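To keep things clear, I will list the structure first and then write my remarks on it.
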Amino acid sequence: MNKVIGILSIVLIASVAMIGCGGSPASKVESSFASAEPGLKERAQKAVDAVKAGNYAGAAAQLQMVAANAKLTPEQQQAIKDLIADVQKQIQAKAAEAAESAKKAMGDLQKSFGK
37 MNKVIGILSI VLIASVAMIG CGGSPASKVE SSFASAEPGL KERAQKAVDA
87 VKAGNYAGAA AQLQMVAANA KLTPEQQQAI KDLIADVQKQ IQAKAAEAAE
137 SAKKAMGDLQ KSFGK
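The sequence shown begins at 37 in our numbering and counts up by one.
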């Protein structure tokens with residue numbers, strides 16, 4: 037059981053480190069919305085904050101609301117599209133990691149009980 041917790045902790049720390057790297061789609065959203073109208077800028081920032089916090093479901097919901105705005109510049113549209121793609125990749129990666137961790141945990145559990 038301690039092995040599983042240790043592995044999950046390492047996965048969590050690594051994912052947080054990857055999210056924090058500069059030059060990301062999230063930073064492009066921040067820069068492209070720097071001069072946007074306050075309401076739009078706030079929604080975009082909420083999406084970025086959700087990504088940074090690892091709340092990909094919340095980020096996806098915020099990004100969809102921002103993307104639906106007809107007043108986006110081409111730069112903003114592209115930044116949102118890039119961040120949506122990044123969030124989708126992160127969700128897929130987390131799902132794959134969770135599946136692998138669960139598979140390993142089941143194997144460890146079966147070994148500990150002698151099958």
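For each residue, glycine too, the CB sits at the ideal point set by N, CA and C.
Quick caveat: nothing in here was measured; it's all calculated off a predicted structure.
In this structure the region 137-147 does not touch the region 104-121; the number of beta carbon pairs closer than 8 Å is below three.
A129 and Y92 have their C-alpha atoms some 11 Å from each other. Secondary structure at G90: coil, using DSSP grouped into helix, strand and coil.
Burial state of Q124 is exposed, judged by a 10 Å Cβ sphere holding fewer than 16 other Cβ atoms. For E111, the uninterrupted alpha helix (DSSP H) run begins and ends at 110-148, by DSSP. Relative to the Cα of G59, the nearest Cα in the group V84, L99, L76, A131 belongs to V84. The C-beta separation of A97 from I116 comes to about 13 Å, leaving the pair out of contact by the 8 Å criterion. E73 carries a coil assignment under DSSP once its states are collapsed to helix, strand and coil. Judged by DSSP in its simplified three-state form, S60 adopts coil rather than helix or strand. Cβ-Cβ distances below 8 Å link A72 to A80, Q112 in the same chain, with the five nearest sequence neighbours on each side left out; the list follows chain order. Our two residues, G94 and V87, have alpha carbons roughly 8 Å apart in a direct line. Spanning the alpha carbons of V65 and G90 requires a straight line of approximately 16 Å.
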